[in-house]
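For the protein sequence lines, the chains are A and V, in the order given. Under my numbering, the letters of the first sequence match residues 207 to 320, in that order. Under my numbering, the letters of the second sequence match residues 629 to 741, in that order. Ideal Cβ positions, reconstructed from N, Cα and C, are used throughout, including at glycine.
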Amino acid sequence: QKEVEQNSGPLSVPEGAIASLNCTYSDRGSQSFFWYRQYSGKSPELIMFIYSNGDKEDGRFTAQLNKASQYVSLLIRDSQPSDSATYLCAVSSDSGAGSYQLTFGKGTKLSVIP
Amino acid sequence: KAGVTQTPRYLIKTRGQQVTLSCSPISGHRSVSWYQQTPGQGLQFLFEYFSETQRNKGNFPGRFSGRQFSNSRSEMNVSTLELGDSALYLCASSGTGDEDTQYFGPGTRLTVL
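Structure representation (structure tokens):
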């Protein structure tokens, strides 16, 4: 059974601080890793993806991947109240015949306090 | 490019009824996946279609079924609805050569009374 684990939170950070969100996964064969942001009552929105070990930066967001430790993280710099949402970690595994299945963590709720 | 669209956005049904949900993928995307999201279980994979063929299926009962048309639009059907089927049903599409990157539609909120 493929599992993706996240702290459910809530994680509260003051405005302007760095928010750090973490995720571990069980399937060593996983190839691609995604972070989605989900506002209350809305659908998940893709904000970052990472395939290789190391860091990947996009604006205020940095994704970090360590395949040996089976660990993915998302850092949000200069956190804004508009970043308050649930962040979902998703891991992709090849299910064969060109099909890829995403397994999601249950999400970490982030609250940025003005 | 227009995003993934889903209809209807909200549905209220009673136990025992059946329901059909529709999804139109991003133009050019041929893979459509369906997920169920509930507060207790999170996002769970239902099935994935590509070129009108189901390529992958999650661990849901046979009451949940789907299909895909030649224009890549997809429908999912739930028969004999149960109270526990109340959930947000999400459709996601992905493009050829980038199949593991999925983009979600707005979802259909199903309430079973």
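- Put simply, of A/227, A/308 and A/267 the residue whose alpha carbon is nearest the alpha carbon of residue 722 of chain V is A/308.
- The three-state reading of DSSP puts residue 713 of chain V in helix, counting H, G and I together.
- Put simply, the CB of residue 294 of chain A is near chain V, with a gap under 8 Å to one of its CB atoms.
- DSSP lists A/299 as the bridge partner or partners of residue 307 of chain A.
- The region 688-732 of chain V is shown to contain whole beta strand (DSSP E) runs of 3 or more residues at 692-696, 702-706 and 715-722, in chain order.
- For residue 260 of chain A, the enclosing beta strand (DSSP E) begins and ends at 260-264.
- Under the three-state reduction of DSSP output, residue 220 of chain A falls in the strand class.
- Residue 238 of chain A counts as buried, since no fewer than 16 other beta carbons sit within 10 angstroms of its beta carbon.
- Residue 249 of chain A is positioned such that its CB atom lies no closer than 8 Å to that of residue 290 of chain A.
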